[in-house]
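Residue numbers (our numbering): 861 to 997. Where a beta carbon is used, it is the ideal one built from N, C-alpha and C, also for glycine. These numbers were taken from a predicted model, which means no experiment stands behind them. A quick write-up on the structure given underneath.
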Amino acid sequence: MRVQEIMTRRIATIHQDDRLQLVHDIFAQAPFRHLLVLNGQEQLCGIISHADMTAALSPYLGTDAEVERDRETLQRRAHQVMSRNLVTITGAATLESAARIMLEHNIGCLPVVEQGRLEGLVSWKDLLRQFIAKIPQ
Numbered sequence: 861m862r863v864q865e866i867m868t869r870r871i872a873t874i875h876q877d878d879r880l881q882l883v884h885d886i887f888a889q890a891p892f893r894h895l896l897v898l899n900g901q902e903q904l905c906g907i908i909s910h911a912d913m914t915a916a917l918s919p920y921l922g923t924d925a926e927v928e929r930d931r932e933t934l935q936r937r938a939h940q941v942m943s944r945n946l947v948t949i950t951g952a953a954t955l956e957s958a959a960r961i962m963l964e965h966n967i968g969c970l971p972v973v974e975q976g977r978l979e980g981l982v983s984w985k986d987l988l989r990q991f992i993a994k995i996p997q
């Protein structure tokens, strides 16, 4: 089976100059844990995981100890906290190769890119769902 058969095609993206407040709001409302970051030319330039965003924000946000300095962490830009060393895959790749790449790089998802264009995203959950679907009942 190929990545293109199970990848998510409707993907959430943000721009590199968007503020972490937007990232925080998206993660609070959505069931996914990765946002792909685009540059001014609409090309993939980074990724922000829920863990990246959490690490970039003050741990005092939303607590009684919160001060203005803590709220200011929400004004940082996406490009300041995104991962830039992207590992990508093509839609024609096998699920086995996607799983191996994720394990090798200790990452939770792979952007699917074809000829420099972002086509989708495959996550460890997508792979696990497919694995479970193959188990005889």
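Would you list the one or two residues that DSSP bridges to residue i?
i: H894; result: S909
i: I949; result: V972
i: R862; result: T954
i: T914; result: DSSP, once it has assigned bridges, lists no residue as partnering T914.
i: L904; result: L898
Taking the continuous beta strand (DSSP E) assigned at residue i, which residues delimit it?
i: S983; result: R977 to S983
i: H875; result: T873 to H875
What residue range does the alpha helix (DSSP H) around residue i cover?
i: E974; result: Not the alpha helix (DSSP H): E974 falls in the beta strand (DSSP E), residues C969 to E974.
i: Q881; result: L880 to Q889
Can you tell me the Cβ-Cβ gap for residue i and residue j, rounded? I've got them flagged as a contact below 8 Å.
i: H939; j: G906; result: 7 Å
i: A953; j: L987; result: Contact flag wrong, Cβ pair sits at about 12 Å.
i: A916; j: R936; result: 6 Å
For the ligand ATP, is there any heavy atom lying closer than 6 Å to the beta carbon of residue i?
i: S957; result: As for the ligand ATP, it is missing from this structure, which has no ligand bound.
Inset, instruction - Tell me, please, whether the region 864–872 touches the region 977–984 by the rule of three or more beta-carbon pairs shorter than 8 Å. - result: Yes: at least three Cβ pairs fall under 8 Å.
Legend entry - Cβ pair count under 8 Å reaching 3, the region 872–881 against the region 966–975: no
Inset, instruction - Starting from the N-terminal side, write out each stretch of the alpha helix (DSSP H) that is 4 residues or longer and does not extend beyond the region 921–946. - result: 928–932
Inset, instruction - Answer yes if the region 883–897 comes into contact with the region 905–920, meaning at least three C-beta pairs across the two stretches below 8 Å, and no otherwise. - result: yes
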